[in-house]
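Structure first, commentary second.
Protein chains in written order, with our numbering: chain A, 69 to 226; chain B, 69 to 226; chain C, 69 to 226; chain D, 69 to 226.
Right under this line is the structure:
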């Protein structure tokens, strides 16, 4: 099926014993918080909102994932630094480190999704299709409604 | 059908040319913010949240209504004062003044719904049944999801 | 001395066994929060800041006073309503009800001080002179500094 | 004079063309924000407050300085990372990197001041004496007053 969301290209996964894939999460709504640990809007808005999503929805309905897509200050935002950051901010959901790009500063998943910057929130439906891409801030009320609408969609992949 | 939500018993309606009834709103989700104009939690939390609901959902899906259910300081919270309050706080959705009780301080709709205090948020589904009663605070994320779930229910009243 | 702050013309005092006067408070810095109970900026900013002032400075140094200067919705903001409001918002410092004006909507103290609206914060020094008039919002950091500067002025009224 | 504040032992200074010393700042009140770039309380409370201090007081009265005293996750909070952090959070005041300790995880200035953790705010008077050490949060109103009291002290070092 041609409209599946691009795969997550990760050089490393944190907060999970095994790497995750969108295929493996099929059947659940997947919410991806694309962030950089030194991005003020991610720290004050995007990541706290992601933590509320992880606490509000049932894990069997919604998989909350972080994607650390570093496109600036690469040397300051290494996986080692990210690990300390996640520890200090008590972020427990799985976080993928976006694979370094080959031709420029943008990492590979960020480029595949054509992201404009961070924070960006991606919503992927139960059948693996990208349904929304919110760059910047989105209100909790609208987002709660939007996620629930995806949760309640019947899957008829068969 | 025996489990319909009790009717709104109003002595007066503000912000609407005509009185509203739950029957008349049937087919839409109805959200009722039960408040008192001098209740700090209503002013800081409940009413701003109600305004966000009115701005976030489509009117054909969700009817946002206020219910001024005065159970204390009756002389200070008259309809005349309420009118000034709604003007100053820019509250535009329809507001019913709960009918004064006959046997005590509680107004009649508040008593019929057995409310514990203010703020309380009531959710009524498209078929007119009371589905939730939130006393105190509820997060925007959970509430957005809860309202959307009611919006997406098919009505098969027939 | 000609530059003394105009007197507070009050029709009533709440939260104090006896009416207060600026003369009687001479020797202390006097901070006056001019507000209306149905003014949103007063409720969200001005009055909470006034409560913090009352809690932060020593009473022998700083007298915190409210002035209810109603210039609109007069029938909705009566002393009876104000009393309920102060109770619900747990405002404990003395509050004067500004005397109704004789020629227009502005009450008399408000007119004498040429206030532009509410909230306005007035600062009166230990010798009874008006030293600052802040209409709208002022940051806590700047205000804390400004009040302390007045507290530390030596009084040489002699 | 034996009660002078301990010197700042810095391995590096950022946001200033030349290293600073407390002696060199003598005559001004010095406020030192002791922080770690991955400390959530520093990012949400301490550093924004320090920025407000820098904006509120006159530079000739108050010198605002940061002290990056890393006592955990040393490899994640290097000067290179700190530089990116200061850039992203638009922190413009001078920041010293506390000198790595010789016997344990605590850096040297932190140990000399016997700090309990981060954020800690230090206040040094115009004559170079340590006057306050606030670990955790302190309200803007109380802090504004406290700094102003030091600003208004006459210096009679002679």
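All C-beta atoms in this analysis are idealised placements derived from N, C-alpha and C, irrespective of residue type, glycine included. Bear in mind that the values here come from a model prediction, so they are computed numbers and not experimental data.
Going by DSSP, residue 169 of chain B is part of no alpha helix (DSSP H) at all; its letter is neither H nor E.
Of the residues D/202, D/148, D/103, the one whose Cα lies closest to the Cα of residue 135 of chain D is D/103. Nearest in C-alpha terms to residue 116 of chain D, of all of D/95, D/78, D/101, is D/101. Listed along the chain, the chain B residues whose CB falls inside 9 angstroms of the CB of residue 153 of chain C are 106, 141, 144. Closer than 7 angstroms at the C-beta level to chain D, one finds these residues of the stretch 150-180 of chain A: 152, 153, 156, 157. DSSP, reduced to helix, strand and coil, places residue 220 of chain D outside both helices and strands of the structure shown, so it counts as coil. Boundaries of the beta strand (DSSP E) harbouring residue 82 of chain D: 78-82, taken from the DSSP string. Here residue 187 of chain D is near residue 110 of chain D, since their CB atoms are less than 8 angstroms apart.
By the 16-neighbour rule on beta-carbons within 10 angstroms, residue 141 of chain B is buried.
For residue 136 of chain D, the uninterrupted beta strand (DSSP E) segment begins and ends at 130-136. 107, 108, 111, 112, 140: these are the residues of the stretch 107-140 of chain B whose beta carbon lies less than 9 angstroms from some beta carbon of chain C, given in chain order.
Neighbours of residue 217 of chain C in chain D, taken as residues whose beta carbon is under 7 angstroms from its own, are 216, 220 in chain order. For residue 72 of chain D, no CB of chain A lies under 8 angstroms from its own CB, so it is not counted at the interface with that chain.
DSSP places residue 159 of chain D in the coil class of the three-state scheme, outside both helix and strand.
A direct Cα-Cα distance of roughly 29 angstroms separates residue 87 of chain A from residue 210 of chain B. In the three-state reduction of the DSSP assignment, residue 192 of chain B falls in the strand class, which pools E and B. Residue 212 of chain D has a beta carbon lying within less than 8 angstroms of a beta carbon in chain C. DSSP places residue 139 of chain D in the coil class of the three-state scheme, outside both helix and strand.
Annotated three-state conformation of residue 107 of chain D is coil, per DSSP. Taking 8 angstroms as the upper bound on Cβ-Cβ separation, chain D lies near residues 207, 208, 209, 210, 211 of the stretch 195-211 of chain C. Flagged as an interface residue toward chain A: residue 148 of chain D, by a C-beta distance shorter than 8 angstroms. Contact annotation, residue 191 of chain A with residue 218 of chain A: C-beta distance approximately 6 angstroms; criterion of less than 8 angstroms satisfied. Between the stretch 160-178 of chain B and the stretch 73-87 of chain B there are three or more inter-stretch CB-CB distances shorter than 8 angstroms, so the stretches are counted as touching. Beyond the five residues adjoining it in sequence on each side, residue 80 of chain C comes within less than 6 angstroms, by CB distance, of 147, 165 in the same chain, given in chain order. In the same chain as residue 144 of chain A, and ignoring 5 residues on each side of it, the C-beta atoms closer than 8 angstroms to its own belong to 106, in chain order. When secondary structure is reduced to three states using DSSP, residue 206 of chain B falls in the coil class, being assigned neither helix nor strand.
Closest option to residue 153 of chain A, judged by alpha-carbon separation, among D/108, D/183, D/169: D/108. When Cβ pairs closer than 8 angstroms are counted between the two stretches, the stretch 90-99 of chain A is seen to touch the stretch 111-131 of chain A, the count reaching three or more.
Counting along the chain, residue 145 of chain A sits inside no alpha helix (DSSP H), nor does DSSP assign it H or E at all.
DSSP places residue 96 of chain B outside both helix and strand once states are collapsed to three, so it counts as coil. Nearest in C-alpha terms to residue 71 of chain B, of all of B/215, B/178, B/193, B/206, is B/193. In the DSSP assignment, residue 184 of chain D falls outside any alpha helix (DSSP H) and carries neither an H nor an E. Residue nearest to residue 123 of chain A within the set B/215, B/208, B/223 is B/208 (criterion: CA-CA distance). Using a Cβ distance threshold of 8 angstroms, residue 167 of chain A and residue 77 of chain A count as a contacting pair.
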